[in-house]
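The sequence shown lines up with residues 1 to 141 when you count with our numbering.
All residues carry an ideal CB built from backbone N, CA and C; glycine is no exception.
Okay, so here's the structure we're looking at.
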Amino acid sequence: MADLSESVCLNHPDTPAAARCATCGKPVCARCIVTRNGSNYCSETCADNAAKTVGRVNDVLENKKKVDAQGKRRTLIILVILLAAAAAGYYYYSQNKDDVKRFVKKTERKVKRNVKETKKSIEKSLPSSSTYKRDRENMIK
Ligand SMILES: [Zn+2]
Ligand SMILES: [Zn+2]
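What follows is the structure, given as structure tokens:
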């Protein structure tokens with residue numbers, strides 16, 4: 001683009017340009033300049049377009065804020081649900097502790113030769129806190 005001092009007004013070819021339109025970049029003389037919100041434009045149309053663009057940018061920023069807030073709310077809801085599930089799982093475990101103990105003893109009696117491995121497999125089948133942590137992490141991902 002040519003230097004502004006070498007340009008002439010878009011509407012007045014013998015008048016040197018005083019400013020460039022902030023929207024379309026066309027040079028205009030002091031008489032033709034349309035000033036809006038501290039910016040220079042070649043015409044009302046360009047000034048209006050600039051105002052619309054600013055409005056659109058603000059709309060986009062507003063929508064982004066809303067989406068961010070929604071995402072945070074969703075994460076919170078998921079965490080609450082997971083905590084409730086973990087609590088329910090723990091409650092179930094504590095209510096059935098005696099059954100679980102009986103089951104372990106019975107199993108130990110049955111498999112005396114390999115008590116350690118049996119215990120391990122029972123622990124795996126129970127809802128341990130580490131399982132809940134892993135499930136929670138997987139769900140968030
Ligand atoms: Zn313009
Ligand atoms: Zn002019």
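Looking at the DSSP output, Arg-20 bridges to Pro-27. Using a Cβ-Cβ distance cut-off of 8 Å, the segment 60 to 77 and the segment 27 to 44 are not in contact, since fewer than three pairs of beta carbons, one from each stretch, lie closer than that value. Close CB contacts of Tyr-41 within its chain, under the 7 Å cut and outside five residues either way in sequence, are with Cys-21, Ala-22, Thr-23, Val-34, Ala-47 and Ala-50 (chain order).
The criterion of a C-beta distance shorter than 8 Å is satisfied by Val-8 and Ala-17. The criterion of a C-beta distance shorter than 8 Å is not satisfied by Ile-77 and Met-139. Membership of Val-80 in any beta strand (DSSP E) is not indicated; the residue belongs instead to the alpha helix (DSSP H) covering 44 to 95. Within the DSSP secondary-structure output, Val-34 pairs in a beta bridge with Tyr-41.
Residue state for Val-111 is assigned as coil, using DSSP reduced to three classes. In this structure Val-104 is in contact with Ile-122, their Cβ atoms being roughly 6 Å apart against a cut-off of 8 Å.
In this structure Tyr-93 touches Leu-126 by the C-beta definition: roughly 7 Å separates them, less than 8 Å.
Listed in chain order, the non-local C-beta contacts of Glu-44 below 7 Å within the same chain comprise Val-34, local neighbours out to five positions each way being set aside. For the set Thr-15, Arg-134, Val-67 and Arg-36, the Cα lying nearest the Cα of Leu-82 is the one of Arg-134.
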